Amino acid sequence: GAVAAADARGGPAAGLRLRARRPGLAVRARARRAAPRLRLPPRPHRLRRLLAPRLLPRAPHHRRRDRVVRRRRGRGVRCLRRLLPEGLGERGAQWTEVISWEPRAFVYHNFLSKEECEYLIGLAKPRMVKSTVVDSETGKSKDSRVRTSSGMFLQRGRDKVIRAIERRIADYTFIPAEHGEGLQVLHYEVGQKYEPHFDYFLDEFNTKNGGQRMATILMYLSDVEEGGETIFPDANVNSSSLPWYNELSECARKGLAVKPKMGDALLFWSMKPDATLDPLSLHGGCPVIKGNKWSSTKWLHVHEYKA
140 GAVAAADARG GPAAGLRLRA RRPGLAVRAR ARRAAPRLRL PPRPHRLRRL LAPRLLPRAP
200 HHRRRDRVVR RRRGRGVRCL RRLLPEGLGE RGAQWTEVIS WEPRAFVYHN FLSKEECEYL
260 IGLAKPRMVK STVVDSETGK SKDSRVRTSS GMFLQRGRDK VIRAIERRIA DYTFIPAEHG
320 EGLQVLHYEV GQKYEPHFDY FLDEFNTKNG GQRMATILMY LSDVEEGGET IFPDANVNSS
380 SLPWYNELSE CARKGLAVKP KMGDALLFWS MKPDATLDPL SLHGGCPVIK GNKWSSTKWL
440 HVHEYKA
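Numbering (the numbering used here), first residue to last: 140 to 446.
This is how it looks when you write it as structure tokens:
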């Protein structure tokens with residue numbers, strides 16, 4: 140067997156063992172099954188031209204996902220890949236790093252461009268307010284000493300750039316954009332932090348809209364000179380095995396930690412593949428020691444979330 144394609148991208152099935160398949164055979168098989176319904180003769184070049192925009196966007200074996208690619212395979216055969224939203228600016232080489240399997244956590248390097256990071260910060264700056272937490276009884280926001288940052292929410296699908304980022308998140312996580320809450324932009328100054336907490340809910344009130352939170356994607360909009368790491372204190376691996384261990388603050392060395400880097404995104408799952416809650420997903424934000432920390436969070440639900 141081979142590790143599922145979702146392993147490399149951090150998708151919902153990440154960590155499960157599946158039998159390897161040749162991608163080309165899978166596409167052709169699906170095309171053959173679709174032929175009778177479309178009342179077309181089973182000619183590969185005709186079916187491929189018609190079905191490629193629907194079948195290929197999520198194909199994990201396609202690496203360069205940011206542009207239309209046409210390839211000729213023999214006479215009359217053409218593969219067309221869907222044009223995915225570009226967003227703003229140019230991103231560096233994108234690659235996925237597995238940080239942990241318990242909890243399941245992955246870093247998408249160069250997920251956002253510098254221009255996209257600056258765009259989100261620019262939208263948020265005039266509207267920043269003191270950050271709050273969700274009350275488990277009422278579902279409303281309330282002040283708490285465990286969270287000392289400032290923040291604000293951007294409406295889902297607010298503009299072309301936001302929609303491009305949200306579709307990119309859906310493309311990477313295999314979770315529809317409609318299952319996500321609006322982007323939350325956060326700002327941490329020196330000394331500000333977020334104590335360890337869970338993103339999933341332990342009450343019925345907060346799960347009425349969209350069901351349980353099953354995953355979180357945390358996008359780093361700035362570098363931090365010192366501190367500000369995201370820490371998983373109960374992870375079954377610690378930061379001592381990471382190449383950036385010597386750059387971590389004292390807080391971050393108490394568990395598994397990810398150092399903020401502009402443009403990177405951290406995906407971690409609050410639920411296991413068997414749909415049970417994962418207590419190892421306990422996480423927090425270490426105090427900023429030097430500099431400023433800007434980040435953007437999107438929570439992803441099991442069902443469609445009505446924003």
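Where is the CB? At the ideal position from N, CA and C, for every residue including glycine.
Here the structure is a predicted model, which means the values were calculated and not measured.
Contacting residues, own chain, Cβ-Cβ under 6 Å from Trp433 (five flanking each side not counted): Ile260, His326, Leu360 and Ser361, listed in sequence order.
Report all residues from its chain with a CB closer than 6 Å to the CB of Leu322; omit the five preceding and five following residues, and keep chain order. Excluding residues within five positions, the ones whose Cβ falls inside 6 Å are Leu293, Ser435 and Lys437.
DSSP-derived helix/strand/coil call for Ala446: Note: Ala446 maps to coil in three-state DSSP.
Beta strand (DSSP E) runs wholly inside the segment 247-331, at least 3 long, in chain order: Whole beta strand (DSSP E) segments, 3+ residues: 289-293 and 322-327.
Name the DSSP beta bridge partners of Met410, please? Leu416.
Where do the N-terminal and C-terminal ends of the beta strand (DSSP E) with Lys400 fall, by residue? Careful: Lys400 lies outside any beta strand (DSSP E) and carries neither H nor E.
Between the beta-carbon of Glu368 and the beta-carbon of Leu341, is there less than 8 Å? Their beta carbons are not under 8 Å apart, which means Glu368 does not touch Leu341 by this criterion.
Count the other CB atoms, across all protein chains shown, that sit within 10 Å of the CB of Gly394; report buried if there are 16 or more and exposed otherwise. By the 10 Å Cβ count, Gly394 comes out buried.
Grab me the residues of Ala396's own chain with a C-beta within less than 6 Å of its C-beta, minus the 5 sequence neighbours each way, in chain order. Scanning its chain for C-beta atoms nearer than 6 Å, with the 5 sequence neighbours on each side dropped, one finds around Ala396 the residues Glu368, Ile370, Ser378 and Leu387, in chain order.
By how many angstroms is the C-alpha of Arg302 removed from the C-alpha of Gly296? Answer to the nearest angstrom: the Cα atoms are 5 Å apart.
Going by DSSP, name the residue or residues bridged to Trp234. Trp234 is bridged by DSSP to His248.
In terms of alpha-carbon separation, which member of Lys445, Pro335 and Val363 lies closest to Pro418? Minimum Cα distance to Pro418 is reached at Pro335.
On the CB-based measure, 16 or more other CB atoms within 10 Å of its CB, does Ser380 come out buried or exposed? Around the Cβ of Ser380, a 10 Å sphere holds fewer than 16 other Cβ atoms; the residue is exposed.
Cβ neighbour criterion (16 or more within 10 Å) applied to Pro382: Flag for Pro382 reads exposed.
Within 10 Å of its beta-carbon, does Lys269 have 16 or more other beta-carbons around it, so buried, or fewer, so exposed? Lys269 should be labelled exposed.
Take the Cβ of Ala404 as the centre, count every other Cβ of all protein chains shown within 10 Å, and call the residue buried at 16 or more, exposed below. Buried: at least 16 other Cβ atoms inside 10 Å.
Where does Arg211 sit, in a helix, a strand or coil, going by DSSP? Note that Arg211 scores a pLDDT of 37, beneath 50, so its modelled location is shaky; the value from the coordinates is reported in the next line. Arg211 falls in the strand class under three-state DSSP.
Got a sec? Which residues, its chain only, sit under 7 Å from Arg266 by beta carbon, not counting five neighbours each side? Exclusion of the five residues before and after Arg266 leaves Met291 as the residues of its chain whose Cβ lies within less than 7 Å of its Cβ.
Going by C-alpha distance, which of Lys445, Leu439, Met401 and Trp408 is nearest Cys256? Residue Met401 is the option with its Cα nearest to Cys256.
Apply the 10 Å Cβ neighbour rule to Asp413 and answer buried if 16 or more other Cβ atoms are within range, or exposed otherwise. Result: exposed.
Ignore the nearest five residues each way along the sequence and tell me which others in Pro242's own chain have a CB closer than 7 Å to its CB. Sequence-distant partners of Pro242 (beyond 5 residues in either direction) whose C-beta falls short of 7 Å from its own C-beta, in its chain, are Phe371, Ala374, Phe407, Trp408, Asp417, Leu419 and Ser420.
Would you mind reading off the limits of the beta strand (DSSP E) that contains Lys429? Taken as a continuous stretch (DSSP letters only), the beta strand (DSSP E) holding Lys429 covers Val427 to Lys429.
Take the Cβ of Thr415 as the centre, count every other Cβ of all protein chains shown within 10 Å, and call the residue buried at 16 or more, exposed below. For Thr415, the number of other beta carbons within 10 angstroms of its own is below 16, and it is reported as exposed.
Within a Cβ cutoff of 8 Å, which residues of the same chain sit near Tyr384, ignoring the five residues on either side of it in sequence? By the criterion of a C-beta distance shorter than 8 Å, Tyr384 is surrounded in its chain by Ser378 and Arg392, once the five residues flanking it on both sides are discounted.
Endpoints, beta strand (DSSP E) assigned at Leu357: For Leu357, the enclosing beta strand (DSSP E) begins and ends at Arg352 to Tyr359.
Return the Cβ separation of Gly430 and Glu365 in integer angstroms, given the expectation that the two are a contact with Cβ distance under 8 Å. 7 Å between Cβ atoms; contact.
For Ser435, the three-state DSSP class (helix, strand or coil): Here Ser435 sits in strand by DSSP.
Rounded to a whole number of angstroms, what is the C-alpha to C-alpha distance between Thr346 and Glu328? So the two alpha carbons sit approximately 32 Å from each other.
For Ser380, the three-state DSSP class (helix, strand or coil): The three-state secondary structure of Ser380, taken from DSSP, is helix.
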